[in-house]
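Notes to accompany the following structure.
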Amino acid sequence: MPTKRYCYTDPEAALIDRLIMDQIQSRQRVLDLGCGDGRLLCRLRDELHCSIQGIELNHKHVVESIGKGVPVIQSDLDEGLAEITDQAFDIAVLSQTLQQVLRPRELLKQMLRVARQAIVVVPNFGHWRVRLQLLFQGRAPVTNRLPYDWYNTPNLHLLSMLDFRDLVDRMHIRIAHEYPVIRGRPVQRAWAANLRADSALFVLESQPNAPTLEDSRPTMIAE
Numbered sequence: 746m747p748t749k750r751y752c753y754t755d756p757e758a759a760l761i762d763r764l765i766m767d768q769i770q771s772r773q774r775v776l777d778l779g780c781g782d783g784r785l786l787c788r789l790r791d792e793l794h795c796s797i798q799g800i801e802l803n804h805k806h807v808v809e810s811i812g813k814g815v816p817v818i819q820s821d822l823d824e825g826l827a828e829i830t831d832q833a834f835d836i837a838v839l840s841q842t843l844q845q846v847l848r849p850r851e852l853l854k855q856m857l858r859v860a861r862q863a864i865v866v867v868p869n870f871g872h873w874r875v876r877l878q879l880l881f882q883g884r885a886p887v888t889n890r891l892p893y894d895w896y897n898t899p900n901l902h903l904l905s906m907l908d909f910r911d912l913v914d915r916m917h918i919r920i921a922h923e924y925p926v927i928r929g930r931p932v933q934r935a936w937a938a939n940l941r942a943d944s945a946l947f948v949l950e951s952q953p954n955a956p957t958l959e960d961s962r963p964t965m966i967a968e
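Numbered according to the working numbering, the sequence shown terminates at residue 968, and the numbering increases by one at each position without gaps.
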């Protein structure tokens, strides 16, 4: 159902929440895109005293967020963030949702328009288990971290860590921090991360005076 698109159930949700919170300072202005039931925003408000705002598509989760005192706008991320003014927030968060929107590139641009930094968490379809399933079974992979069959998955785009790095490089966006999540543990510097990580968190920043359009596709070295 379309109203459930941004309700990805992450088996490592508590770990990812903690990792996101570690990137955010006390009293910052935080926008959570696809905020679900407002779980993360509640913690940011109560533990870090942040000024919070959520955007969520699913009506049930919007009601749950409001019930927790979380300010939330019911909106489809595919329609953009036009209602939010430039640099209204310090941090924009997008966790396990980028692969579900129609235009990931445009959403990343909008995040860095409305916020100084963007925190993005993506699943890594380059994980070795995914590769082996496709190689030996010849079928669309299903794993604990990617639990959907091909016909009911909310994921519209399949990306690896290398794909994400490639995209932001082409967009002239700087990766300030990168944390692959390997066996339930975030590792800032990991060998063969694209092969081993189930997911990854990226902290992104705009590069001053950078071109707005990519000119060519950079050469990537496979892991």
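For glycine and all other residues, C-beta sits at the position ideal for the given N, C-alpha and C.
Asked, Found
"How should N954 be labelled, buried or exposed, when 16 other C-beta atoms within 10 angstroms of its C-beta is the threshold for buried?", "exposed"
"Buried or exposed, going by whether 16 or more other CB atoms sit within 10 Å of the CB of A863?", "buried"
"By DSSP's criteria, V866 is part of a beta bridge. Which residues make up the other side?", "S840, L946"
"Would L949 pass as a contact of V926 if the rule is Cβ separation under 8 Å?", "no"
"What did DSSP end up calling C752 once you bin it into helix, strand or coil?", "Residue placement at C752 is poorly supported in this model, since its pLDDT is 46, which falls under 50; the coordinates still yield a value, given next. It is coil, neither helix nor strand."
"Just the C-alpha distance for E757 and Q798, rounded to the nearest angstrom, thanks.", "23 Å"
"On a CA-only basis, which of I800, V838, D831, H804 is nearest I765? Give me that one, please.", "V838"
"Shortest alpha-carbon distance to L826 belongs to which of Q855, L946, A860, P931?", "Q855"
"Just how far apart, CA to CA, sit E828 and D782?", "21 Å"
"DSSP on M965, reduced to helix/strand/coil?", "With a pLDDT of only 43 at M965, under 50, the local geometry of the prediction cannot be trusted, and no value is derived from it."
"In the DSSP assignment, what are the bridge partners of L778?", "I800, L839"
"Near E792, what residues of its chain come up, given a Cβ to Cβ distance below 8 Å and the 5 sequence neighbours on each side ignored?", "M766"
"So, for Q952: in the same chain, excluding its five sequence neighbours on each side, which residues have a beta-carbon less than 8 Å away from its beta-carbon?", "H917, I918, R919"
"Taking only three categories from DSSP, how would you classify I761?", "helix"
"Beta-carbon separation of I836 and I769 under 8 Å?", "yes"
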